[in-house]
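Below is one structure, written out as structure tokens; comments come after it.
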Amino acid sequence: MTTTRKRTEAEEITPHPTIEPQGRITRNPGMPLDMDWVRQARVNRSAVERRAASIPTRRTVKKEWQAAWLLRAITCLDLTTLMGDDTPGNVLRLCAKARRPVRQELLDAMGVGGKGGMNLRVGAVCVYHNLVPVAVEALRGSGIPVAAVSTGFPAGQNPFEQKLQEIDASVKAGAAEVDIVISRAHVLTGNWSALYDEVRAFRAACGDAHMKTILATHELATLRNVGMASLVCMMAGADFIKTSTGKEPVNATLPVGVVMTRAIREYFERTGYKVGFKPAGGIRTAKQSLDWLILMKEELGNDWLNNSLFRIGASSVLSDIERQLSYFVTGHYAAAHYNPMV
Amino acid sequence: MSILNIFDTMEYGPAPEAANAGLAWIAERQPFGLFINNTWVKPAGKQYIESVNPATGKPLARVAAATSEDVDRAVKAARTAFESWGKTPGHVRARYMYAIARHIQKHARLLAVLESLDNGKTIRETRDIDIPLVARHFYYYAGWAQLMEQEMPGFAPVGVVGQIIPWNFPLLMLAWKIAPALAMGNTVVLKPARYTSLTALKFAEIMQEVRLPPGVINILTGEASQVGEALVRHPDVNKIAFTGSTDVGRSIRRATAGSGKKLSLELGGKSPFIVFDDADLDSVVEGVVDAIWFNQGQVCCAGSRLLMQENIANRLIAKLRARMEHLRIGDSLDKAVDIGAIVSPGQLKEIQRLVEAGVEEGAEMWQPSWTCPTEGNFFPPTLFTNVSPATTIAQVEIFGPVLVAMTFRTPEEAVALANNTRYGLAASVWSDNINLALDIAPRIKAGSVWINSTNLFDASSGFGGYRESGFGREGGKEGLYEYVRPAWEVKATVDLHIAVGSGKGAASSNGSIKGVNMAAHDEEVEDGHEGDKRENGGMNAYHPALPGIDRTPKLFIGGKQARSDSGYSRDVLDRQGHVIGQVGEGNRKDIRNAVEAAHAASGWANGAAHTRAQILYYIAENLSAREDEFARRIVQQTSASRADAANEVQTAISRLFSYAAWADKYEGVVHRPPMRGAVLALPEATGVIGMACPDEYPLLGFISLVAPAIAMGDTVVVIPSMQAPLSATDCYQVLETSDVPSGVVNIVTGDRDTLSQVLAEHDDVDSMWYFGPLEGCQRVELASAGNMKRTWVSYGHRRDWLDTIQGEGQEFLRESTQVKNIWIPYGE
């Protein structure tokens, strides 16, 4: 996606570097809503789809490279459970897997276990508010943050005040990250200032907790809406923009990813702030996780290939990644019951 | 490299496609023979050439080098096979072609690997683009084989077809050539490019697998100077289809001139890639990648001239450079590279030479910071800015990964820059404004226009050039006509050798109109035309005491009756040799003026078809009002009987009605290739058409040529019947009173072959029609090679102008138009 805000050539693309060492970044403070910029967003759907289709065919990683990339994908996982039947029991199991996402013998065989290796763990664990305390307790000392979905997830049709209270409650309960949903109605009715104000308020409520802004792209109807909503949410101070709740009929797709990552690039080029990206929903295979990493590398570059700027919202994908790593190490495919379940 | 290390750097690493199967296939078979009559034979000269892997520079295979002797053998095999294949029912041919498509798919990966090894293009492209399109092409044309009897009535196969294909899309170009040829019942002798024969040889094996009748497809590898040359000159080849450079195309045009061989040429390009300020610029950047870094830029329709609206130029260039930084180049079999190897060291040198020329001429060159592999033929993606249309690199086809960028201010200027080229193959137009995009597309002189996309191909949609990019279309139904001819023409013989005028350029040369063989009318010389002979310039018919008022037609240029530049006139004689009048002796300058006038009237094509139809009806109406006079004029000049002459006038009036009817009904089609969108195949006016009318049927011949052309929006410069020009000159007043805009029809009387030569050589004439003796046809075809204009000549064949099949219809409309395919992907 592109914007064609009118301006003089002198102010063209002059990034303001804000990169701190070790992938830690300055949070996006947001900016005043700039409707000239938003309105001139251009997204040509057919062209975007062609680009998206070629991302998995132009690039691939094999052998050691594939193993390393899959390990990287694990570190970017927001291991998630968001079901009506979630209980402390299955959340505890998820948290245990988050600490030890891959069998130790596989890590050792790849030379990444033990001393001098990596302390492999997922990016975060993502749950409903009610289960935040359970997860926080289970992950204590691991350095793995807990993310809470919030603001009337998934539909976002709760009263505004309630949404703020919900954020507040989750932060108080120990959530270091909050995945908020936007009011899709604001996008569909073109009420961009309402969207901006809403997200701005959510960001204020989050305080130090990082805010991931879920666009629910499928419900925004068009890629152009996705591009415009991405810009507005970043202007309002989103730390991440996220595709979907996982509850829409269609969730993360590469065309949507192309549009959102291009918006992030544009925002960085204009403001100097790096906003993260999180595709969520429908990502089940190791191959898909690689495709998303490739998209990040191609559209945004290596700076976005770590969990401070990239997350994958999923759970079952971890099983497939572990299976692929097992194949890489042993040369044959493992049965599911050889890998500890998520 | 350790996994931990890669985890940190997140580099891509190598991702090689295994070459074993391809290399084993080669090893088992080489040295490769020639494929004639479904068997492998040794080349007559016992010579072999080496095929090299461009990505490594190492030899890959030895293939046979055919000679003219082998060409004779192959043509003979094809001729023998044609006897039965040409009569094989469409359904049977469809079955074979369906089998070919299936076998292409069965061997898809082997073909992809071989293509990549042999040509240096990336495995991604061969696997995802080339080979699937090849299969699609055979499926699509299997359908046309099945439908030929119903959908192509009145057409017959051409016969033995010689096909010469380039190295940039070896198997795809083979498919583009062979599929329509087979579908229409032709047999083929195909020459793959010198550097890239391997997939054609695998294709030959597939012919054996599907048990195609022997001799239907013959494949001769070798040097162009040997095989291509012999094929082009072979007397028993009925058609040549060539894809390659404009220079070679030109020499083929010359070599086949007058031979009666059908010819289709798909040549070079310097295609514009136009970006307006309301385009999705990030998508534009990917479009540029697909336009000029697809197949290393070795694509005839590569978008090699980037035309940017000035206010977005700097941003777009910045984005492009950022994108170029992370393009990947390398071994063609690496699955994660964007750019492979240049096909040969020679081609690489040529690219280097042109790039150096660009730098010397002051253009600013930019290349990414990474370096190319040192082994093999690699050239980095290159972007030139600060380029003006006058620089060499903005004009010549580089055929490499080199983009030149220029800016424009207005849509008008974009169109002007886009069309400021001798080529006209393709164009891309990027804008999110449908009004703008659909306004620009028809105004660009190119056979394919891609809106918000680039380099899209499909069997359903025709591909081919305007101007020096060649003529003829491949793909779609329009592609079928390159491989058929009218059934009546097949039976016709060269039976109408009209003597070439002997008094070239001389004033009042009686000799120039003598010796016309009007065989059809020989017996009727004495029939009822007494009293008409000396009507003009003789005595007054009603008052014998009064002399007639002299009526000497001038030329008709730009809507005005203009005196000929030469100041000379030529006599027009009746059958007995009596002078019945004079016409102006047109010369080179008159033609020049007429062509200028025709161009000035180019707005004719943009008006409503309804208006053109109305004007054609009006011409018919005004002609009808004077039909008696026109009939008498025919009798006077030709010795036709009154009845015949009246019939000719009536047929001419009917013909005008036919083209008035067609004017708003010959409309093109909508293709639906596999994408969300549509392709509009629009028959557009060819432009300015020069036409030399047949000597016979002085009125009907004239109307039969002029009417379809102006119905389709062309403007014309007509040389009337040399023997009987007065029927055409009498039309001046008819045209003037029928609201035909000035310059749409221009008429220059004089020596047919002298004037035809000037028209055929004229770079601003888009097509030349010539209905006259064989020698004249040859001269026209020879001269046309200058700007590669289309030609339509009679090869001395008699055409029955009274017949509605031979004398009018879609053949005439096709010759009046060129098909532009506008690709319109959509979706919000």
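Sequence lines, in order, name chains A and B. Start counting the first sequence at 3; every next residue gets the next number (the working numbering). Start counting the second sequence at -3; every next residue gets the next number (the working numbering). Beta carbons: idealized from backbone N, C-alpha and C, even for Gly.
Annotation: the continuous alpha helix (DSSP H) that includes asparagine 431 of chain B extends over 430 to 436. Think of a sphere of 8 Å around the beta carbon of glutamate 300 of chain A: the chain B residues whose beta carbon falls inside it are His322, in chain order. Take alanine 100 of chain A, set aside five residues on each side of it, and the residues of its chain with a beta-carbon closer than 6 Å to its own are Leu81, Val124, Val127 and Ile146, in chain order. The beta carbon of valine 234 of chain A sits closer than 8 Å to those of Leu35, Val40, Trp194, Leu197, Tyr198 and Val201, all from its chain and outside the five residues before and after it, given in chain order. In terms of beta-carbon proximity, arginine 61 of chain A lines the interface with chain B, with at least one pair separated by less than 8 Å.
Fewer than three Cβ pairs drawn from the region -2 to 14 of chain B and the region 37 to 50 of chain B lie within less than 8 Å of each other, which leaves the two stretches out of contact.
Ranked by Cα distance from glycine 229 of chain A, the first of A:Asp181, A:Asp293, A:Glu268 and A:Glu163 is A:Glu268. As for any alpha helix (DSSP H) of minimum length 4 sitting wholly inside the region 397 to 470 of chain B, the runs are 407 to 414 and 430 to 436, ordered along the chain.
Legend: CB atoms of the region 444 to 467 of chain B lying less than 8 Å from CB atoms of chain A belong to residues Asn448 and Ser449. Between proline 694 of chain B and tyrosine 655 of chain B, the C-beta spacing is not below 8 Å. For asparagine 291 of chain B, same chain residues with a beta-carbon under 7 Å away, outside a window of 5 residues either side, are Lys117, Glu121 and Asn164 in chain order. Burial check for lysine 299 of chain A: the Cβ neighbour count within 10 Å reaches 16 or more, so the residue is buried.
Aspartate 327 of chain B is outside the set of residues whose beta carbon lies under 8 Å from a beta carbon in chain A. Between leucine 452 of chain B and phenylalanine 199 of chain B, the alpha-carbon positions lie close to 24 Å from each other. Annotated three-state conformation of aspartate 567 of chain B is strand, per DSSP.
One Cα belongs to asparagine 589 of chain B, the other to leucine 551 of chain B, and the distance between them is close to 11 Å. With fewer than 16 neighbouring CB atoms inside 10 Å of its own CB, glutamine 572 of chain B falls in the exposed class. For the pair threonine 287 of chain A and alanine 337 of chain A, the Cα-to-Cα distance works out to about 15 Å. Bounds of any alpha helix (DSSP H) do not take in isoleucine 685 of chain B; it lies within the beta strand (DSSP E) bounded by 684 to 688. Exclusion of the five residues before and after leucine 110 of chain B leaves Gly18, Trp21, Ile22, Leu194, Thr195 and Lys198 as the residues of its chain whose Cβ lies within less than 8 Å of its Cβ.
Contact annotation for alanine 11 of chain B against chain A: Thr62, Val63 and Lys64 [CB-CB distance below 7 Å, chain order]. Following the DSSP letters along the chain, one finds tyrosine 44 of chain B inside the beta strand (DSSP E) bounded by residues 44 to 49. Runs of the alpha helix (DSSP H) spanning 4 or more residues and lying entirely within the region 146 to 217 of chain B occur at 166 to 179 and 194 to 205, in chain order. When the five nearest sequence neighbours on each side are left out, the beta carbons in the same chain lying within less than 8 Å of the beta carbon of valine 134 of chain A are those of Val148, Ala150, Ser172, Ala175, Gly176 and Ala177, in order along the chain.
Per DSSP, reduced to three states, the secondary structure at serine 340 of chain B is coil, with no helix or strand assignment. For arginine 69 of chain B, the three-state secondary structure derived from DSSP is helix. Between proline 821 of chain B and chain A, the shortest Cβ-Cβ separation is below 8 Å.
Taking a cut-off of 8 Å for Cβ pairs, the region 406 to 417 of chain B and the region 273 to 284 of chain B do not touch, as fewer than three such pairs fall below it.
Within the region 161 to 177 of chain B, no residue places its CB atom closer than 7 Å to a CB of chain A. Interface annotation for the region 272 to 286 of chain B against chain A: Asp273, Asp274, Ala275, Asp276, Leu277, Asp278, Ser279, Glu282 and Gly283, criterion Cβ-Cβ distance under 7 Å. In chain order, Val579 and Thr725 place their CB closer than 6 Å to the CB of proline 549 of chain B, counting only its own chain and leaving out the 5 sequence neighbours on each side. Looking at the backbone, the Cα of asparagine 46 of chain A and that of valine 280 of chain B are separated by about 9 Å. Take serine 260 of chain B, set aside five residues on each side of it, and the residues of its chain with a beta-carbon closer than 6 Å to its own are Ala237, Gly468 and Glu478, in chain order. Restricting attention to B:Leu731, B:Val740, B:Val744 and B:Gly683, the CA atom closest to the CA of valine 761 of chain B is found in B:Gly683.
One Cα belongs to leucine 216 of chain B, the other to threonine 192 of chain B, and the distance between them is close to 12 Å. With 16 or more other Cβ atoms inside 10 Å of its own Cβ, glutamate 680 of chain B counts as buried.
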